[in-house]
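Residue numbers (the numbering used here): 69 to 335.
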């Protein structure tokens, strides 16, 4: 993150995301909010998220960390990520988009990486007509994947490739762990036996119930995502890292245009 403004916006994004996923665990089960679930707050969350994303991009641009080419590359990557998710729709958790998010997030850094993850999910939602109350939560979770990749420690060569491979495997699982939280507290009696949220049941009880829920319902979808992301990262991350870093070099993009004398061209 290149400026204090960007850091402030990213902290706000993190707080908004944690609050959005976390408030159902603190609300009274008899309250109106709990009864309605996320059907009321999803639209407000989407508006707040888009506003914070615009502020993050503005903060990067005003600090000199982003130029026109970087914005263009960000848009192309978001469209590519959305297209990859469309191609893999309904394929038992096999989502090659996460390979792109991990590698591109590593190159773009934390703040631009978050923007990429969120925009890629938004693009895929529009392409598949899959916009719903879950969309802003998917945007946040995917943004966190890219943000984390941008915060990984410095490494090069084989060490970087293996680090990203391990991160891709973890993220494939963690994305599902986080996304389940947007609906799990509201399942009530429809949750499998011993796998539902218990209001006031304490952290230990609910963590145990959630572990049962995750293993019995979500792991079979998340594990293929993690394994595919890790495999693609191990095999192809080197080439993609080099290509993205080359495209983002400002030295070439900012090179002055020189109009040579026609007579000199023949020399």
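For glycine and all other residues, C-beta sits at the position ideal for the given N, C-alpha and C.
Exposure of residue i, with buried meaning 16 or more beta-carbon neighbours within 10 Å
| i | result |
| --- | --- |
| residue 290 | buried |
| residue 293 | buried |
| residue 94 | exposed |
| residue 240 | buried |
| residue 323 | With a pLDDT of 44 at residue 323, under the threshold of 50, the predicted position of this residue should be treated as unreliable, though the coordinate-derived value follows. Under this definition residue 323 is an exposed residue. |
| residue 260 | exposed |
| residue 77 | buried |
| residue 127 | buried |
| residue 83 | exposed |
| residue 92 | buried |
| residue 221 | exposed |
| residue 250 | buried |
Integer-rounded CB distance, given that residue j should sit under 8 Å from residue i
| i | j | result |
| --- | --- | --- |
| residue 243 | residue 283 | With 8 Å as the limit, residue 243 and residue 283 do not qualify as a contact, their Cβ atoms being about 16 Å apart. |
| residue 253 | residue 110 | So it is not a contact: roughly 15 Å between Cβ atoms. |
| residue 316 | residue 171 | Not confirmed; about 13 Å, so no contact. |
| residue 153 | residue 165 | 4 Å |
Start-to-end residues for the alpha helix (DSSP H) that takes in residue i
| i | result |
| --- | --- |
| residue 289 | 287-315 |
| residue 233 | 225-248 |
| residue 279 | 271-281 |
| residue 190 | 178-195 |
| residue 209 | 203-218 |
Residue i: CB within 6 Å of a non-hydrogen atom of the ligand COA
| i | result |
| --- | --- |
| residue 172 | As presented, the structure is devoid of all ligands, the ligand COA included, so that no description of it is given. |
Checklist entry - Residue ranges of each alpha helix (DSSP H) run of no fewer than 4 residues wholly in the region 85-158, ordered along the chain? => result The region 85-158 contains these whole alpha helix (DSSP H) runs: 100-104, 109-130, 136-155.
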